[in-house]
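For the sequence shown, counting from 1, position 139 maps to 139 in my numbering; every step adds exactly one.
C-beta atoms are modelled at their ideal positions from N, C-alpha and C, and glycine is treated no differently.
Reading through the structure tokens given below for one structure.
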Amino acid sequence: MKKLILFLLLSFLFIHNFYFISAKDQSVQFIYNSSINNSFENSLDFSDVLVKVATNFDAHCKYSLSKGVSYENMEMNFDSSLGKLHQKSFTGLGDGIYRYYVKCIDESIGFIGNETELSIILRINSLVNAQIIFSKEEPLSEGIVEISLITSKIVSFAPTLSYSMDGGLVKTPIPLLGNEKFWKGYLSIDKNFGEGVISFDFKANDLEGRQGTKILSGGVVKVDTINPPTILEIVAVGYDGEIKLDWHYNGDYKEFNIYRSLSANPDFTDFYKTSGSNSFNDQWVEDGKTYYYRVSVIDDAGNEGELSSQVYATSLLNNVTYVSGLALELMGRVDNLLIEIDFAIEELMAIKNSIATKSQKEKDLFLNLKLENEIDKSKSDLISLKQDVEKYKLQDLTENELNSKIASCRVKMNVIGKKVPEDIIILQEDSMKNLFDEKSIEEFLFEFDPLMSKERIDKSVKESLKIIDESGLEMASNFYLVEILYSDGTNRKLLIIERNINAILDRQENQSFIEVFPQDIIESINDITFRNSNVNTIKEDSVISFESDSKNIFYSFESNLNPERLREIKVGFISIADEEIDSSFSLTGYFLLDLNRTKYAGGFAVILLFAVLFVYLFYNKKSNFSDEYFQILDQIKKINRLFNEEDLKFAKNIYSNISKKYALLDSKEKVVLYKDLEDLHEKISVFDFELGLDELIRTKNIKLISNLDKIYQTLSIPHRNKVSKVFEKVKEDIKLNSGVKK
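Printed below as a string of structure tokens:
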């Protein structure tokens, strides 16, 4: 019965040309029909593919690139054959059509000459991928590195490239300039990076709108910014017509730099030659002259160590000169101190190893709080201190001078030891799932911009809910109270908020995650630390936002709050719809009441404004409007007078007070006042933008762009359309020039 069921199932698969495609392992599977010729055609978006052919009997299979070749004349075999499953890997297939013709023989029967043929047609249209090329050889060292990113296909817009250090969760974006397949950017490597790796993430859409993320080469690069050790043993010997240098160095090196001078103590400005070995014969000398030498180590990354101690020799005189150093009877004290430092370094490594034995949750918190970095920093400080102590052996020190240096060194060791976190304990923890509904989105939009129109709020709510639904956006929040123990016996308690976002969203200027803090929680917080680099303050530290492409939000602070109150910090997602408001302001003449710019129109506008205000006042008094309403009307008049006097700063202060009072009005009063307030907001934003753009053009200061971008987003659509081309051109020129200067 089972054999019958199996036979019927296989027959069904044969008849319907059934095949399987697995996106995970990039494989395609076909069923070989021994009764009739079959032909399958698959479209694939990857260039490496594992072809699987399944038979319902134990078989030997071969394939050919030409149709109609008999089994015995086929020369191409499968990589593996497991009786009923036959596999062949094809790698590096470029975009195009590939045809393979398969024939199989039954092991129990053998070759009979009339085997059926399975035709496989693969249409390869792979996703866009990238190669990364660096302007410097690996490993990279401190400084600016130019990155060339070459895509396999023309992309529809600039690719997204970001990097993380040593597998960290924080992704730092790299702006790219270029077109079609060729893009350039710049990577800045800090001297304090140390030794590790940088890994890159890439995204780009081809002209069909399909996104690719694969980096073929250059996706991971080694970095080394640590200077090699100083050469401690060096000798110079003078001979007839030459001076020979010999030094001892056990570490890895690329080459040695030699510095020479006719005066004592040559420095880095006295570069002379390079040597690929531990010795150098200087034949460019004059008889009877004394030459002074110092040597440094260059490692594979191009880092250069400190200069060695000075040696000197005179041509012809055969003098061997050694640098004098510490008395032999004092050497033991230095060695004992070096042993103490080595022991302190071993203790740091023991602490690191003990953290590795804790629970995964504790290890993750330790890492996200960057406490491991504090251990590494202490280790680096101790290594630097050890290098300083080793130099004591080369110095002419008296016993008192050496004792003073050793005492100072031990004080530094104690200070370094106090900064080491040695344990983390979770005292309390809580978690919750965050819901994104229509009501909460409306509240977040109001927090983001209290003056946003009802129409724009409704449109933004719909847009936000659509993105949440289509992306399957969900967020889970974890709250912790932890205690961190330090090696000096002190402790520190931190409250931690960690939010995990499951959806993959692209970064958009009009989209963000918003958090709103209750005022009493804000007042209780001390020293808040964000792990995210993309956090922005929206309102007096009580409302903050994170970029829409955030995968994880993590921050911590000191507070006496009950951890359960962390649930009161509201979090949500908003997408702000474009504003559809007609504006009559022009780019160069923003102010209707500017009598110096538009003498007659401005005068008419003054009369018109006061007429409108009079009608408002009369109507409102008849309608029993609130005192706050009339106060706002008076302040509107004052602001317009200030615009005539071009006192922008004072006008903005009054406008800020109006915004706060506006929130207290009822809905009827808000509707009446909304248009006047939005016009005032537009005036202030336009004037701010005009001043900022003038300053940006004048100073070329790239740091001004971020603030100007924020002002630009507050402008109405007509104003944005007027200035967008000029603004984008100015930004592009300044960024490009800044990159070249780097």
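- When DSSP states are grouped into helix, strand and coil, L245 belongs to the strand group.
- Contact between D201 and K153 does not hold, since the beta-carbon distance rounds to 18 Å and is not under 8 Å.
- Looking only at G209, K433, L149 and V51, the smallest Cα-Cα distance to L118 is reached by V51.
- A buried status is given to G572, since no fewer than 16 other beta-carbon atoms sit within 10 Å of its beta-carbon.
- For L187, the secondary structure class from DSSP, reduced to helix, strand or coil, is strand.
- DSSP places E429 within a strand segment (E or B) once states are collapsed to three.
- Your pair Y101 and S66 checks out as a contact, with CB atoms roughly 7 Å apart and the cut at 8 Å.
- In this chain, the beta strand (DSSP E) harbouring G96 covers G96 to D106.
- Annotation: the segment 461-541 contains the following complete segments of the beta strand (DSSP E) (minimum length 3 residues), in chain order: 475-486, 491-501, 511-516, 526-530 and 535-539.
- In the structure shown, the three-state DSSP call for P266 is coil.
- The Cβ atoms of L715 and V686 sit closer than 8 Å to each other.
- Between the alpha carbons of L427 and K493 lies a distance of about 9 Å.
- Exposed is the label assigned to L435, since fewer than 16 other Cβ atoms lie within 10 Å of its Cβ.
- Around the beta carbon of H248, fewer than 16 other beta carbons sit within 10 angstroms, so the residue counts as exposed.
- Rounded to whole angstroms, the gap between the alpha carbons of N500 and N552 is 5 Å.
- For the pair G113 and S162, the CB atoms are not nearer than the 8 Å cut-off.
- For the pair of segments examined, the segment 207-221 was found not to touch the segment 285-294: the number of CB pairs separated by less than 8 Å stays below three.
- Three or more beta-carbon pairs drawn from the segment 419-426 and the segment 477-487 are found closer than 8 Å, and the two stretches are therefore classed as touching.
- In chain order, F436, I467, I501, N502, A503, L505 and F573 place their CB closer than 8 Å to the CB of L473, counting only its own chain and leaving out the 5 sequence neighbours on each side.
- Secondary structure of S308 (DSSP, three-state): coil.
- Following the DSSP letters along the chain, one finds T714 inside the alpha helix (DSSP H) bounded by residues L704 to T714.
- Straight across, the Cα-Cα distance linking S384 with P229 is about 10 Å.
- Excluding its 5 nearest sequence neighbours in each direction, E372 has C-beta neighbours in its own chain below 8 Å: K352, I355 and F366, listed in chain order.
- For the pair of segments examined, the segment 521-534 was found not to touch the segment 441-461: the number of CB pairs separated by less than 8 Å stays below three.
- Counted as a single uninterrupted DSSP element, the alpha helix (DSSP H) harbouring I355 occupies residues M331 to A356.
- Assigned with DSSP and collapsed to three states, T699 falls in helix.
- S533 is a Cβ neighbour of T172, given a cutoff of 8 Å.
- When the beta-carbon positions are compared, S296 and N265 stay at least 8 Å from each other.
- Cα atoms of L337 and V389: separation of roughly 8 Å, rounded to the nearest angstrom.
- Exclusion of the five residues before and after D666 leaves S626 as the residues of its chain whose Cβ lies within less than 8 Å of its Cβ.
- Judged by DSSP secondary structure, L177 falls within the beta strand (DSSP E) whose first and last residues are L177 to N179.
- Residue Y259 holds the alpha-carbon nearest to the alpha-carbon of F280 among T290, S263 and Y259.
- S39 sits away from C61, with the two beta carbons spaced by 8 Å or more.
- In this structure, the beta-carbon distance from S545 to V516 does not fall below 8 Å.
- In this structure, the straight-line span from the alpha carbon of E443 to that of A577 is close to 15 Å.
- When beta bridges are read from the DSSP output, N281 appears opposite K244.
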